[in-house]
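One structure is given below, encoded as structure tokens.
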Amino acid sequence: MLQKKAPDSYQEKIIGRIVASVTVTNIFDEAKSIRCDALVDTGASLMTLPSAWKDRLGNLQVIRSIKLETATQETITGEVCGPVRIQIEGFQPIFSEVLFVEMKPEEGIYEPLIGYIVLEQSQAGVDMIGHRLVLVKHMDLK
Numbered sequence: 008m009l010q011k012k013a014p015d016s017y018q019e020k021i022i023g024r025i026v027a028s029v030t031v032t033n034i035f036d037e038a039k040s041i042r043c044d045a046l047v048d049t050g051a052s053l054m055t056l057p058s059a060w061k062d063r064l065g066n067l068q069v070i071r072s073i074k075l076e077t078a079t080q081e082t083i084t085g086e087v088c089g090p091v092r093i094q095i096e097g098f099q100p101i102f103s104e105v106l107f108v109e110m111k112p113e114e115g116i117y118e119p120l121i122g123y124i125v126l127e128q129s130q131a132g133v134d135m136i137g138h139r140l141v142l143v144k145h146m147d148l149k
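This note's numbering numbers the first residue of the sequence shown as 8 and each following residue consecutively.
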């Protein structure tokens with residue numbers, strides 16, 4: 008399947024949607040890496056990729072299988088795998104897990120998701136007015 012073209016800048020504005028370039032790398036085999044455009048989705052928790060791409064990251068450990076409810080209220084099963092390095096372009100990398108789910112490509116193109124846990128760990132805040140990600144200078148410890 009086709010992968011979305013990386014935007015000219017690290018974020019691309021599309022009618023109220025925030026799309027950012029992100030790189031996910033197997034920390035034990037850095038040659039196994041995926042760079043793609045992903046939709047910023049504050050309703051999703053994890054970095055979410057299509058199951059069809061799982062082999063591209065090499066031999067990741069399956070940490071757990073989980074049930075998920077999609078935006079269309081469909082219940083699906085996904086695999087949480089890791090550890091991986093995730094870097095949203097323009098932000099510091101983090102070390103985390105990635106969620107693989109069966110996705111249906113739209114016009115041959117998958118739409119990975121950047122969830123709120125990845126955003127928070129990356130110190131990326133969502134600017135809804137400017138439709139972009141911004142650096143959060145201070146982490147919240149309250």
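Just so it is clear, CB atoms sit at the ideal spot from N, CA and C, and this is done for glycine as well.
| request: Would you mind sorting D134 into buried or exposed? The rule is 16 or more other CB atoms within 10 Å of its CB. | output: The count along the sequence shown starts at 1 and reaches residue 134 at position 127. Burial call: exposed.
| message | Are the CB atoms of V125 and I93 within a distance shorter than 8 Å? | response | The residue you call residue 93 lines up with position 86 of the sequence shown. The residue you call residue 125 lines up with position 118 of the sequence shown. Yes. Within cutoff.
| Who pairs with I136 in a beta bridge, going by DSSP? | Counting from one through the sequence shown, the residue named residue 136 turns up at place 129. Paired residues: none, contrary to the question.
| said: Just to confirm before moving on: does the CB-CB distance between V26 and V105 stay below 8 Å? | reply: As a working note, residue 26 is residue 19 in the sequence shown. As a working note, residue 105 is residue 98 in the sequence shown. For V26 and V105, no; Cβs fall outside 8 Å.
| message | Taking the straight line between their C-alpha atoms, what separation do you get for M54 and M146? | response | Position 47 of the sequence shown, counting from 1, holds the residue named residue 54. Position 139 of the sequence shown, counting from 1, holds the residue named residue 146. Just so you know, the alpha carbons of M54 and M146 end up roughly 20 Å apart.
| task | Have a look at L46, W60, G85 and E127 and flag the residue whose alpha-carbon is nearest the alpha-carbon of G23. | result | What you label residue 23 is simply residue 16 of the sequence shown in a count that begins at 1. That would be L46, whose Cα lies nearest to the Cα of G23.
| task | Take Q130 and list the residues in its own chain whose beta-carbon comes closer than 8 Å to its own, dropping the five residues that flank it on each side. | result | Within the sequence shown, the letter at position 123 stands for residue 130. Short of 8 Å from the beta carbon of Q130, and not among the five residues preceding or following it, lie these beta carbons of its own chain, in chain order: F98, Q99, L142, V143, K144 and M146.
| request: In the DSSP assignment, find the alpha helix (DSSP H) that holds V108 and state where it starts and stops. | output: Within the sequence shown, the letter at position 101 stands for residue 108. No alpha helix (DSSP H) contains V108, which is instead part of the beta strand (DSSP E) from I101 to V108.
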